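Student: Throughout the sequence shown, residue numbering follows the working numbering, covering 41 to 373 in sequence.
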Amino acid sequence: MSNSAKVLDRADRIAEEVLFPAAEMVDAADTVPTAHLDLLAEEGFYGLAGPPAFSVVSAEDTATAARALELVASGCLTTAFVWAQHHSAVMAANRSQRPGITQKWLEPLCRGVRRAGLAIAATRPGPAAVRAEAVDGGYVLHGVAPWVTGWGLVDVLLTAARDASDTLVWTLIDAAESDTLTATPIDMVAVAASRTVQVTFTGHFVPEERVTGTVPHEVYLRNDAATLRFNGSLPLGVATRCARLMGTSRLDAAVDAVRATLDNAGPEQLPSARAAASALALRAAGLCATTTGSAAVLWNQPAERLMREALFLLVFGSRPAIRADLLDRLHAS
Numbered sequence: 041m042s043n044s045a046k047v048l049d050r051a052d053r054i055a056e057e058v059l060f061p062a063a064e065m066v067d068a069a070d071t072v073p074t075a076h077l078d079l080l081a082e083e084g085f086y087g088l089a090g091p092p093a094f095s096v097v098s099a100e101d102t103a104t105a106a107r108a109l110e111l112v113a114s115g116c117l118t119t120a121f122v123w124a125q126h127h128s129a130v131m132a133a134n135r136s137q138r139p140g141i142t143q144k145w146l147e148p149l150c151r152g153v154r155r156a157g158l159a160i161a162a163t164r165p166g167p168a169a170v171r172a173e174a175v176d177g178g179y180v181l182h183g184v185a186p187w188v189t190g191w192g193l194v195d196v197l198l199t200a201a202r203d204a205s206d207t208l209v210w211t212l213i214d215a216a217e218s219d220t221l222t223a224t225p226i227d228m229v230a231v232a233a234s235r236t237v238q239v240t241f242t243g244h245f246v247p248e249e250r251v252t253g254t255v256p257h258e259v260y261l262r263n264d265a266a267t268l269r270f271n272g273s274l275p276l277g278v279a280t281r282c283a284r285l286m287g288t289s290r291l292d293a294a295v296d297a298v299r300a301t302l303d304n305a306g307p308e309q310l311p312s313a314r315a316a317a318s319a320l321a322l323r324a325a326g327l328c329a330t331t332t333g334s335a336a337v338l339w340n341q342p343a344e345r346l347m348r349e350a351l352f353l354l355v356f357g358s359r360p361a362i363r364a365d366l367l368d369r370l371h372a373s
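(1) Just to confirm before moving on: does the CB-CB distance between Val-295 and Ala-279 stay below 8 Å?
(2) Quick one: grab the DSSP three-state call for Gln-238.
(3) Taking the alpha-carbon of Ile-362 as reference, which of Ala-315, Trp-339 and Asp-206 has the nearest alpha-carbon?
(4) Who are the Cβ neighbours of Arg-345 in its own chain at under 8 Å, not counting the five residues just before and after it?
(5) Which of the three DSSP states is assigned to Trp-339 in this structure?
(6) Does the segment 261 to 273 come within contact of the segment 237 to 244, defined as at least 3 CB pairs closer than 8 Å?
(7) For Ile-213, write down the residues that DSSP places opposite it in a beta bridge.
(8) Starting from the Cα of Leu-198, find the closest Cα among Asp-206, Leu-149 and Ala-319 and give me that residue.
(9) Do you know whose CA, among Ala-185, Ser-114, Phe-121 and Met-131, lies nearest Glu-56's CA?
(10) Please state whether DSSP places Leu-302 in a helix, a strand or coil.
(11) How is Phe-356 classed by DSSP in three states: helix, strand or coil?
(12) Which two residues bound the contiguous alpha helix (DSSP H) that contains Gly-326?
(13) Please report how far the alpha carbon of Asn-340 lies from the alpha carbon of Pro-247, in whole angstroms.
(14) So, do the segment 182 to 191 and the segment 151 to 162 have three or more beta carbon pairs nearer to each other than 8 Å?
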C-alpha cells in the first residue's frame, strides 16, 4: 500500500469509527471534544501539510491532502472545520524565511502540540479589516477579524494584517483574551461547536519574532485562487456522507466528478470548481433528506444536520467569483 493510500485509509477509519458516530452529539454541543482533536494529533494529521520528518501522514501531494480533509469532513464537519484551519500555520512555518520561525514552530505545530486557528479578514479586497502599525520591536494591530474558528481549542492564531504600504504582515499571536484582544462568540446555523468568534484587536502588540512573513496585498490576491482547492473538500465531505447514507446511487459519480474537477483545475478554473462543490453539497443534502423521509425534519438526525451544513457551505470561504458562479448554478437548476 502506498503512503497516500495509508493516509486516506487512516482518515477514513477515523471518520467512520469515531467522528460520524458522534456527529450529532458534537452538533448539539458547545464545543468540539478535545478527544477528537487529540486523536487527529496522535494519528499524525496535524502534520498533514508538513514535512515527513514530523508526521507519518504527511501528504505527498495536494490531492491526497485534500482527499484526507474530505474524509474527515464526511465524519464530522465541525471537527474538520476546526482542524482544517491549523494547516495554514503549518505551511507558514514551513515556508517562512524569518529567523527562528521554522525552528521554533514547525515541529510542535506538525505534532499537534501547538494548535492554530486563522484570522485572515485583512486578506480580503477593500479596506483592511485588521491593520498593522510598525513600532519598535514589532507591530501593533487594530481592527476586527469577524470569523475566527477554534477559540479555546487553539493556542495561536495565524493572523493577517495590512500595514501603511498595503503589505500583508503575517503573525502568530497567542489565542488568549487580554486588554487589547477580545473574542465575541458567533451563533451559526451549523458547526456551532467549532467555537467561531469575532476577534477585536485594540492596539494589540505582536513582537517581531512572531512575524512569519510579509507579502504585498496585490500579490496575495493574484495567488488567492490557488488556495480554494482545500476549501472545496468540506462540501465534498458533506456530499460524500449523504451518498454513503443513501447507498449506491448516481450521487457517487457526481461526487467523483466534482472532486476530479477540483483536483485538475488551475487558478482560473478553481472558483467555478469550488462553486460546483458547494452546489453539489446542497443537492446531495436535499437528496439525502428526501430519501430519509419525514425523519429528516427531526432535530439531531443526520439528514437534518447535513442540510444545515450544506447551507453553511454555500457561503463559507466564498469569493465574488464563487458567489457569481454559484448563483448562476442555482438559478439554472
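For glycine and all other residues, C-beta sits at the position ideal for the given N, C-alpha and C.
In this text the structure is predicted, and so the values were computed from the model without any measurement.
Tutor: Reading from the atomic positions:
(1) To locate residue 295, count along the sequence shown from 1; it is residue 255. To locate residue 279, count along the sequence shown from 1; it is residue 239. Taking 8 Å as the cut-off, the beta carbon of Val-295 is found closer than this to the beta carbon of Ala-279.
(2) In the sequence shown, residue 238 corresponds to position 198, counting from 1. In the structure shown, the three-state DSSP call for Gln-238 is strand.
(3) Taking the first residue of the sequence shown as 1, we reach residue 362 at position 322. When only C-alpha atoms are compared, the closest one is Ala-315.
(4) As a working mapping, residue 345 is identified with position 305 in the sequence shown. Closer than 8 Å at Cβ, skipping near neighbours: Ala-63, Glu-64, Asp-67 and Ala-230.
(5) Indexing the sequence shown from 1 puts residue 339 at position 299. Residue state, collapsed to three classes: coil.
(6) Flag = no, the segment 261 to 273 and the segment 237 to 244 do not touch.
(7) Working through the sequence shown from its first residue, we reach residue 213 at position 173. Its beta-bridge partners are Leu-197.
(8) Sequence index remark: in the sequence shown, residue 198 carries index 158 (1-based). When each option's Cα is compared against that of Leu-198, the closest is Leu-149.
(9) Numbered from 1 along the sequence shown, position 16 holds the residue referred to as residue 56. Closest by alpha carbon: Ser-114.
(10) Position 262 of the sequence shown, counted from the start, is the residue given in the question as residue 302. Helix, per DSSP.
(11) Position 316 of the sequence shown, counted from the first residue, corresponds to residue 356. Phe-356 carries a coil assignment under DSSP once its states are collapsed to helix, strand and coil.
(12) Counting from one through the sequence shown, the residue named residue 326 turns up at place 286. Residue range 310 to 332 is occupied by the alpha helix (DSSP H) that includes Gly-326.
(13) Reading the sequence shown from its first residue, position 300 is the one you call residue 340. Reading the sequence shown from its first residue, position 207 is the one you call residue 247. Counting only the Cα atoms, Pro-247 lies some 45 Å from Asn-340.
(14) Taking a cut-off of 8 Å on C-beta distances, the segment 182 to 191 touches the segment 151 to 162, as three or more cross pairs fall below it.
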